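Number of protein chains: 2
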Amino acid sequence: MTIDIGAKLRSVRVAFGLSQRALARRAGVTNGLISLIEQNRVSPSVSSLKKVLDGVPMTLAEFFAMDEGGQPQVFFEAAELVETGDAAVSRKLVAAARAGRQLSLLHERFAPGAATGDEILEHRGEQAGVVVRGRIELTVGGSTRVLGPGDAYYFACQLPHRFRNAGREVCEIVSAVTPPRPAVAAPVPGFPAGAEPA
Amino acid sequence: MTIDIGAKLRSVRVAFGLSQRALARRAGVTNGLISLIEQNRVSPSVSSLKKVLDGVPMTLAEFFAMDEGGQPQVFFEAAELVETGDAAVSRKLVAAARAGRQLSLLHERFAPGAATGDEILEHRGEQAGVVVRGRIELTVGGSTRVLGPGDAYYFACQLPHRFRNAGREVCEIVSAVTPPRPAVAAPVPGFPAGAEPA
DNA sequence: CGCCTCCGTTCAGCATCTTGAACACAAGCT
DNA sequence: AGCTTGTGTTCAAGATGCTGAACGGAGGCG
Chain F
14 MTIDIGAKLR SVRVAFGLSQ RALARRAGVT NGLISLIEQN RVSPSVSSLK
64 KVLDGVPMTL AEFFAMDEGG QPQVFFEAAE LVETGDAAVS RKLVAAARAG
114 RQLSLLHERF APGAATGDEI LEHRGEQAGV VVRGRIELTV GGSTRVLGPG
164 DAYYFACQLP HRFRNAGREV CEIVSAVTPP RPAVAAPVPG FPAGAEPA
Chain P
14 MTIDIGAKLR SVRVAFGLSQ RALARRAGVT NGLISLIEQN RVSPSVSSLK
64 KVLDGVPMTL AEFFAMDEGG QPQVFFEAAE LVETGDAAVS RKLVAAARAG
114 RQLSLLHERF APGAATGDEI LEHRGEQAGV VVRGRIELTV GGSTRVLGPG
164 DAYYFACQLP HRFRNAGREV CEIVSAVTPP RPAVAAPVPG FPAGAEPA
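For the record, the sequence lines run as chains F and P.
Reminder that position 60 of the first sequence reads as 73 in our numbering, one-by-one numbering, no gaps.
Reminder that position 3 of the second sequence reads as 16 in our numbering, one-by-one numbering, no gaps.
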């Protein structure tokens, strides 16, 4: 299912109080195109969509970032946090990325020697954290660094990253991950298993 | 002066260590198309670009929000974190919401008796945190709760909220905030004041 | 009523994107 | 040398986006 650009564009246009023709005039395209796009009868080229959004005005990034959100529960006791992982690496999930939330917050604990694999290309969005206790060795992209209490990190999840507790003490981290991208089950035909270089 | 999608896509692809053909296979398009896009010889349709980015994977929003300048800083030492606030409430900002980043991470310290006022309601986005040390009294909307080490919270920033350290010990919190959507920039002639889509 | 102006939709035809199969070059291996 | 596998590029042909001009409907006004 392709994303519903049509509805998105329509809501934007209506929000600005413009008719299809008015928007078309500003954008330098024809009203027919606006109509077709809003009905999802075409998938506009990026250049066309950019022209259209320039007439609003709105950036492509803003357009695609548009989303909704809701928020039920506020407080979470330590005991009721969902815990995943094993003895080596435990993760307490404060707020799942589900339910349209824009943020996941984790309370992680790394036993001495524990490490996360080179989990690759799985996450999206961005990730940040603060070391609360102990020390952790973090590798992102090419570079490696050992972080202690109070130290922090921030990187795009798509970059290959690896956490490892090289010390003797338990390491504790509070980390946040964005966004809550609804896991689209996109089975890629012929997706290679080990096609990753170093 | 079409935006250089080509360079952007190329840098993304290379960052993942994929060849044009490898990416094409994952994305379900042909290698020729990848080549043409990277040379800016075509302006891909949104559906095609989405297919391509799904092979990375990366969302359209992330792609267009991407800064041209490659990846920013990853590691932050405790000492170099920007500190704001006073003696009562100190905030160390790991990553500002600027520069297209989608996440702000704070390391906050509340002295005994310290409190944040009933803050701004204009602040959009969501906010979550974990108590690392001490106890904090949190009021969100109507309800109040005292949270201890390991306890957590999650709420939408629009709700009136207030933090207060009612104990005698310093309270330490790591919290994450999703930034408010950047408002539309240029004033549009004839832009209606308040027209939110339902 | 007729006439005008706006709205969103539709469609033939032209422009552009996209494919599939070539091409040329480089590196490794027999 | 040849052979194989990889890289990125190019191009005719087919698929799709896009235009320009139509269409039908909803008001407003004489």
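The beta carbon of each residue, even a glycine, is placed where N, CA and C say it ideally should be.
Treat the numbers as computed from the prediction; the structure is a model and nothing was measured.
C-beta contact flag for residue i and residue j at 8 Å
i: I16 (chain P); j: K63 (chain F); result: yes
i: H120 (chain P); j: T152 (chain P); result: no
i: G19 (chain P); j: N53 (chain P); result: yes
i: L160 (chain F); j: Y166 (chain F); result: yes
i: V144 (chain P); j: P125 (chain P); result: no
Reduced DSSP secondary structure (H/G/I, E/B, other) of residue i
i: E81 (chain P); result: No answer about E81 (chain P) holds up, because its pLDDT of 40 lies below 50 and its placement is not dependable.
i: R175 (chain F); result: strand
i: E150 (chain F); result: strand
i: K36 (chain F); result: At residue 36 (chain F) the sequence reads Leu, which differs from the Lys that was named. Reduced to three states, the DSSP call for L36 (chain F) is helix.
i: L118 (chain P); result: strand
i: E51 (chain P); result: helix
i: V27 (chain F); result: helix
i: I18 (chain F); result: helix
i: A189 (chain P); result: strand
i: S156 (chain P); result: strand
i: V42 (chain F); result: coil
i: Q140 (chain F); result: strand
i: A124 (chain P); result: coil
i: S56 (chain F); result: coil
i: V65 (chain F); result: helix
Residue-chain proximity (residue i, chain P), Cβ-Cβ < 8 Å
i: Q84 (chain F); result: Below a pLDDT of 50, predicted positions are generally treated as unreliable, and Q84 (chain F), at 26, falls in that range; the measurement from the model is reported next regardless. With 8 Å as the cut-off, Q84 (chain F) counts as an interface residue toward chain P.
i: F123 (chain F); result: no
i: T129 (chain F); result: no
i: S48 (chain F); result: no
i: P195 (chain F); result: Because the pLDDT of P195 (chain F) is 31, which lies under 50, any placement of that residue in the model is unreliable, and the question is left without a value.
i: G163 (chain F); result: yes
i: I298 (chain F); result: Outside the modelled stretch of chain F, which goes from 14 to 211, sits residue 298 (chain F), for which no answer is possible.
i: S32 (chain F); result: no
i: L66 (chain F); result: no
i: F77 (chain F); result: yes
i: L36 (chain F); result: no
i: V42 (chain F); result: no
i: V59 (chain F); result: yes
Proximity test, Cβ basis, 8 Å: residue i and chain F
i: A20 (chain P); result: no
i: G45 (chain P); result: no
i: L73 (chain P); result: yes
i: V143 (chain P); result: yes
i: A189 (chain P); result: yes
i: S56 (chain P); result: yes
Cβ distance (whole Å) where residue i is taken to contact residue j below 8 Å
i: S56 (chain F); j: V59 (chain P); result: 5 Å
i: G142 (chain P); j: S188 (chain P); result: 3 Å
i: E139 (chain F); j: T191 (chain F); result: 5 Å
Residue i CB to nearest heavy atom of the ligand FMN below 7 Å
i: L46 (chain P); result: Ligands are entirely absent from the displayed structure, and the ligand FMN is therefore not among its contents.
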